[in-house]
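Undergrad: In the numbering used here, the protein residues as written are 223 to 684. Think of the CB as a built atom: it goes at the ideal place given N, C-alpha and C, for glycine as much as any other residue. The structure's right below; bear with me while I get my questions together.
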Ligand SMILES: C[S@@+](CC[C@H](N)C(=O)[O-])C[C@H]1O[C@@H](n2cnc3c(N)ncnc32)[C@H](O)[C@@H]1O
């Protein structure tokens, strides 16, 4: 398969629909790996940097929702064309996928808008120089779909598959993921996770100095005076977190004192994990702390804050590119004197001084973040998940080797998969008899946050 766009697609007039097509087509060709990075890049450069905020919002919705529902949309394409998605030509198949999303998405499905929705995709097909027969097929399929097919979230009345396949089509979740989640938890939780995975979570911003509601008071007053509407208290247990009700015109960096390091963008789940690590670090005097899979550094901030009265943090990651963002953040937050950055493989990383606390925020399937990253359904398969537990165990074992006799190890992931959480800890404890699991917790996926897992392990010396 060719890994570049044909010129008719590359040179489309910039619009939300054209950008969505480029992204979905590019993900399918393997030109892009991560949808959010690709969208961010496209919207930051010509020609798509000219799109209005409304057009950007529409392109983002089209991309995210078509990835979230890709499995169901491909099944509907098969119903309509009698062909599998991958057997149809590009970019016809991508136009069909996006067009079907427009006419079948529950939020977009308004009868009076169907004609203009179909028309927009047909016009784009013409601009891509599709053969008239393909344009006609797209037009006919979208019209038929809008009249005959159930909206996304519903399953056709005559559906003949198993209960699991029905749930898969109704949710957009692959059967392997549903089966694994069903084995891990009860049916109500499975339903709650599915619902949460379709919910757009609000973004939270943490004030880096305030610790309590009282300390947040003057900060909120300043924001209100500047006409910035917030919701606060916003996150359970974190009075310093706010939710911005409207996007800031000039972007997040226009928050007062942004450059002086007053704010930090972080999701609740990430803060929840980081605070466990923060509490462990606080039990030592002048601790040596290792953040072993640190980039882009969301949790390093908490570790660096925990050593403000003495101590040091070593931030390690195999990706030099991702570490650049960590360095930028630590510099802005004026924490870089307390943090050393190491580009290294965590399975072999060593340190001259033994560490008091090591955080292993392990590379994982990230399925707990599906609400943020719907492209995971495209990038993950049952087979590809097998690579994670051995890597996680190797990193955790190396983490133990940089510890001393009474260190604390924190292991965390952003997945609900037992194979990457409890099973990894069990395997570690089998071969590390001088370590004990003190506590472990799973944060459920909700409309407010992703799913995370954290385990606290103590080294002991009886
Ligand atoms: C879950 S992310 C870490 C997120 C980070 N702790 C934060 O809160 O921003 C996992 C990280 O592990 C890194 N990674 C993957 N394999 C690694 C390895 N063998 N050694 C070190 N880092 C690795 C990835 O580059 C990625 O940045």
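1) In three-state terms, what does DSSP make of residue 237?
2) Ligand 1 and residue 519: does the residue's C-beta get closer than 7 Å to at least one heavy atom of that ligand?
3) By Cβ distance below 6 Å, which residues in the same chain neighbour residue 283 in space, the five residues on each side in sequence not counted?
4) Pick helix, strand or coil for residue 428, following the three-state DSSP scheme.
5) Would residue 256 and residue 468 be called neighbours here (beta carbons separated by less than 8 Å)?
6) Taking Cβ to Cβ, would you say residue 642 is nearer than 8 Å to residue 614?
7) Taking the straight line between their C-alpha atoms, what separation do you get for residue 299 and residue 238?
8) In whole angstroms, give me the CA-to-CA distance for residue 292 and residue 392.
9) Once the 5 residues before and after residue 234 are set aside, which same chain residues still bring their CB inside 8 Å of it?
10) Give me the Cα-Cα distance between residue 231 and residue 248, rounded to the nearest whole angstrom.
11) Starting from residue 647, follow the alpha helix (DSSP H) in both directions and report where the run begins and ends.
12) By how many angstroms is the C-alpha of residue 374 removed from the C-alpha of residue 323?
13) State the DSSP-derived secondary structure class of residue 445, mapped to helix, strand or coil.
14) Under 7 Å: does the beta carbon of residue 569 sit that close to some heavy atom of ligand 1?
15) What are the start and end residues of the beta strand (DSSP E) that includes residue 635?
16) Please report the straight-line C-alpha distance between residue 399 and residue 604, rounded to a whole angstrom.
17) Out of curiosity, what's the CA-to-CA distance linking residue 328 and residue 277?
18) Check whether the Cβ atoms of residue 495 and residue 676 lie closer than 8 Å to each other.
19) When the distance is taken between beta carbons, is residue 484 closer than 8 Å to residue 430?
20) Take residue 366 and list the residues in its own chain whose beta-carbon comes closer than 7 Å to its own, dropping the five residues that flank it on each side.
21) Counting only the same chain and skipping the five closest in sequence on each side, list residues whose C-beta sits under 8 Å from that of residue 623.
22) What is the residue span of the beta strand (DSSP E) that residue 466 lies within?
23) Among the candidates 620, 678 and 527, whose CA atom is the shortest distance from the CA of residue 576?
24) Quick check: what's the CA-CA separation for residue 662 versus residue 522?
25) Give me, in chain order, the residues of the same chain whose beta-carbon lies closer than 6 Å to that of residue 428; leave out the 5 immediate sequence neighbours on both sides.
26) Pop quiz: residue 317 and residue 285 are said to be a contact at Cβ under 8 Å. What is the actual Cβ separation, rounded to whole angstroms?
27) Which residue comes first and which comes last in the alpha helix (DSSP H) that contains residue 592?
28) To the nearest angstrom, how far is it from the Cα of residue 528 to the Cα of residue 503?
29) Would you call the CB atoms of residue 538 and residue 516 closer than 8 Å?
30) Please report the distance separating the alpha-carbon of residue 656 from that of residue 586.
31) Given the structure, does residue 258 come close to ligand 1, in the sense that its CB is under 7 Å from one of the ligand's heavy atoms?
32) Closest to residue 359 by CA distance: which of 287, 314, 600 and 602 is it?
33) Quick one: what's residue 674 bridged to in DSSP?
34) Nearest to residue 352 by alpha carbon, out of 228, 638, 446 and 272?
35) Across which residues does DSSP place residue 658 in a beta bridge pair?
36) What ranges does the alpha helix (DSSP H) occupy inside the segment 269 to 325, keeping only unbroken runs of at least 4 residues that lie completely in it?
TA: Concretely, from the data shown:
1) Note: residue 237 maps to coil in three-state DSSP.
2) Checking the Cβ of residue 519 against ligand 1 gives yes.
3) Setting aside the 5 residues that flank it on each side, residue 283 has no residue in the same chain whose C-beta is closer than 6 Å to its C-beta.
4) Note: residue 428 maps to strand in three-state DSSP.
5) The Cβ atoms of residue 256 and residue 468 do not sit closer than 8 Å to each other.
6) Yes, Cβ-Cβ distance for residue 642 and residue 614 is below 8 Å.
7) For residue 299 and residue 238, the distance between alpha carbons rounds to 22 Å.
8) The alpha-carbon atoms of residue 292 and residue 392 are separated by roughly 12 Å.
9) Correct list, in chain order: 240, 243, 244, 346, 349 and 350.
10) So the two alpha carbons sit approximately 11 Å from each other.
11) Note, residue 647: alpha helix (DSSP H), 644 to 653.
12) Distance between the alpha carbons of residue 323 and residue 374: 8 Å.
13) DSSP, read as helix, strand or coil, puts residue 445 in helix.
14) Yes, ligand 1 has a heavy atom inside 7 Å of this Cβ.
15) First-last of the beta strand (DSSP E) with residue 635: 625 to 635.
16) Their backbone Cα atoms lie some 8 Å apart in a straight line.
17) Taking the straight line joining both Cα atoms gives about 20 Å.
18) Yes. Within cutoff.
19) A contact, by the Cβ cut-off of 8 Å.
20) The residues are 302.
21) Hits under 8 Å: 572.
22) That run of the beta strand (DSSP E) goes 463 to 466.
23) Ranking 620, 678 and 527 by Cα distance to residue 576 puts 620 first.
24) The alpha-carbon atoms of residue 662 and residue 522 are separated by roughly 20 Å.
25) Counting only Cβ-Cβ distances below 6 Å, and skipping sequence neighbours, we find 462, 463, 486 and 488.
26) 14 Å between Cβ atoms; not a contact.
27) Per DSSP, residue 592 belongs to no alpha helix (DSSP H) and is neither H nor E.
28) About 6 Å.
29) One thing to note: residue 538 has its Cβ within 8 Å of the Cβ of residue 516.
30) Straight-line Cα distance between these residues: approximately 26 Å.
31) Answer for residue 258: no, Cβ out of range of ligand 1.
32) Between residue 359 and the set 287, 314, 600 and 602, the nearest pair of CA atoms involves 314.
33) DSSP lists 665 as the beta-bridge partner residues of residue 674.
34) The alpha carbon of residue 352 has as its nearest neighbour, out of 228, 638, 446 and 272, the alpha carbon of 228.
35) The partner list for residue 658 (beta bridge, DSSP) reads 680.
36) Those alpha helix (DSSP H) runs which fall completely within the segment 269 to 325 and span 4+ residues are 275 to 290 and 292 to 303.
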